[in-house]
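In this note's numbering, the protein residues as written are 526 to 860.
Glycine residues also receive a C-beta, built at the ideal position from the N, C-alpha and C atoms.
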Ligand code: ZN
């Protein structure tokens with residue numbers, strides 16, 4: 526296969542702190558010989574594991590980029606054993622536009638793996654992670670939040686995997702991250718995800734959903750900053766004491782956890798995130814907006830659980846995910 530068109534202005538094998546770019550040529554109207562410039566920081570100190578930290582895989586999710594731009598300016602080489610690679614804005618064109626997908630090609634980076642060196646800009650970014658960055662990494666932390674259309678109870682998560690040793694290490698790092706909620710996920714549609722690419726390569730992969738609505742709160746940002754540091758300490762890459770936090774473990778075992786809209790309209794929630802809801806309970810009403818005098822449509826949840834994620838904007842369309850409920854489970858990291 527042809528080489529990646531991306532070049533790094535940093536040397537991933539040099540000791541010390543380097544700030545630079547992943548430079549991807551992109552010829553366009555306003556820059557004939559221009560490039561997409563993805564900021565990267567490498568902090569290396571001798572031999573040890575490599576942690577790859579990524580934000581803005583989706584461009585409208587902010588806790589990860591805040592935590593990682595902050596870490597990149599503050600982490601010192603003498604605090605590290607091994608290597609930390611920090612990429613706060615993985616899909617830089619999407620991040621710069623404040624959109625989930627890339628404004629260049631509408632590419633959803635988290636559905637573009639393994640990517641292509643001769644594909645779209647988004648596919649070229651995915652290919653560089655697939656063939657250059659993931660092979661260097663032992664541990665990957667990929668930050669997500671709800672973006673402009675979803676809102677979540679703040680959680681850190683890892684996947685149920687066929688390799689139980691890989692799964693156990695991922696759950697150990699989720700526990701160390703210390704978000705208010707921790708989730709074991711069974712991915713139903715995993716094709717093209719960064720998660721799957723990393724896990725198939727044997728990497729320990731941890732992700733988050735820390736809030737949403739296209740912004741970040743003080744509380745969810747603090748969870749991201751503390752969790753990132755805790756994970757690096759637990760992975761043996763950064764020295765220090767874990768700032769241990771209580772967490773509640775959740776599971777979303779099947780499709781009944783998800784409630785989708787079949788109508789367009791104005792949404793009235795009848796419960797809030799963090800509420801316990803019973804099977805058959807009305808979680809939202811959708812009011813048709815074209816005329817007055819019409820009754821709303823009731824959306825009922827198909828299973829009992831904790832109201833964990835919801836649609837964020839005030840108007841919904843058919844097919845929108847309106848609500849997600851989760852089971853409470855015992856801590857899988859306690860034998
Ligand atoms: Zn996301």
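Residue i versus residue j: straight-line alpha-carbon distance, rounded
{"i": "residue 689", "j": "residue 801", "result": "31 Å"}
{"i": "residue 849", "j": "residue 834", "result": "5 Å"}
{"i": "residue 773", "j": "residue 599", "result": "30 Å"}
{"i": "residue 576", "j": "residue 791", "result": "44 Å"}
{"i": "residue 565", "j": "residue 544", "result": "6 Å"}
{"i": "residue 549", "j": "residue 724", "result": "25 Å"}
{"i": "residue 652", "j": "residue 821", "result": "47 Å"}
{"i": "residue 795", "j": "residue 707", "result": "25 Å"}
{"i": "residue 679", "j": "residue 705", "result": "6 Å"}
{"i": "residue 560", "j": "residue 767", "result": "40 Å"}
{"i": "residue 751", "j": "residue 789", "result": "40 Å"}
{"i": "residue 608", "j": "residue 719", "result": "20 Å"}
{"i": "residue 518", "j": "residue 765", "result": "Given that the chain is displayed from residue 526 to residue 860, the structure contains no residue 518 and the question cannot be resolved."}
{"i": "residue 775", "j": "residue 812", "result": "31 Å"}
{"i": "residue 758", "j": "residue 836", "result": "34 Å"}
{"i": "residue 570", "j": "residue 535", "result": "15 Å"}
{"i": "residue 547", "j": "residue 557", "result": "18 Å"}
{"i": "residue 612", "j": "residue 860", "result": "35 Å"}
{"i": "residue 729", "j": "residue 709", "result": "14 Å"}
{"i": "residue 626", "j": "residue 761", "result": "34 Å"}
{"i": "residue 793", "j": "residue 814", "result": "12 Å"}
{"i": "residue 619", "j": "residue 563", "result": "11 Å"}
{"i": "residue 667", "j": "residue 592", "result": "12 Å"}
{"i": "residue 601", "j": "residue 568", "result": "7 Å"}
{"i": "residue 603", "j": "residue 753", "result": "18 Å"}
{"i": "residue 539", "j": "residue 595", "result": "22 Å"}
{"i": "residue 866", "j": "residue 823", "result": "This structure cannot speak to residue 866, because the chain is shown only from 526 to 860."}
{"i": "residue 675", "j": "residue 731", "result": "20 Å"}
{"i": "residue 582", "j": "residue 677", "result": "17 Å"}
{"i": "residue 797", "j": "residue 784", "result": "14 Å"}
The beta strand (DSSP E) enclosing residue i, as first and last residue numbers
{"i": "residue 570", "result": "560 to 570"}
{"i": "residue 607", "result": "607 to 612"}
{"i": "residue 809", "result": "807 to 812"}
{"i": "residue 784", "result": "783 to 785"}
{"i": "residue 733", "result": "729 to 734"}
{"i": "residue 667", "result": "664 to 667"}
{"i": "residue 822", "result": "822 to 825"}
{"i": "residue 619", "result": "Residue 619 -> not in any beta strand (DSSP E); alpha helix (DSSP H) instead, spanning 617 to 622."}
{"i": "residue 697", "result": "Careful: residue 697 lies outside any beta strand (DSSP E), inside the alpha helix (DSSP H) at 689 to 702."}
{"i": "residue 680", "result": "680 to 684"}
For residue i, the first and last residue of its enclosing alpha helix (DSSP H)
{"i": "residue 649", "result": "646 to 653"}
{"i": "residue 657", "result": "That residue, residue 657, is in no alpha helix (DSSP H); it is neither H nor E in DSSP."}
{"i": "residue 747", "result": "743 to 759"}
{"i": "residue 591", "result": "588 to 599"}
{"i": "residue 771", "result": "No alpha helix (DSSP H) holds residue 771; DSSP gives it neither H nor E."}
Integer Cβ distance of residue i from residue j, believed to fall under 8 Å
{"i": "residue 703", "j": "residue 769", "result": "6 Å"}
{"i": "residue 786", "j": "residue 845", "result": "5 Å"}
{"i": "residue 606", "j": "residue 630", "result": "Contact flag wrong, Cβ pair sits at about 39 Å."}
{"i": "residue 642", "j": "residue 528", "result": "7 Å"}
{"i": "residue 664", "j": "residue 698", "result": "7 Å"}
Decide yes or no for the touch test of the stretch 661 to 675 against the stretch 812 to 827: beta carbon pairs closer than 8 Å, at least 3 of them. Here the stretch 661 to 675 does not lie against the stretch 812 to 827, with fewer than 3 beta-carbon pairs under 8 Å apart.
Stretch pair the stretch 652 to 666 + the stretch 734 to 748: three plus CB contacts closer than 8 Å: No, the stretch 652 to 666 does not touch the stretch 734 to 748.
Contact between the stretch 630 to 650 and the stretch 674 to 694 (3+ Cβ pairs under 8 Å): Touching, no.
Say whether the stretch 736 to 756 touches the stretch 577 to 588, bearing in mind that this needs 3 or more beta-carbon pairs closer than 8 Å, one atom from each stretch. Contact holds between the stretch 736 to 756 and the stretch 577 to 588, because three or more Cβ pairs, one in each stretch, are under 8 Å apart.
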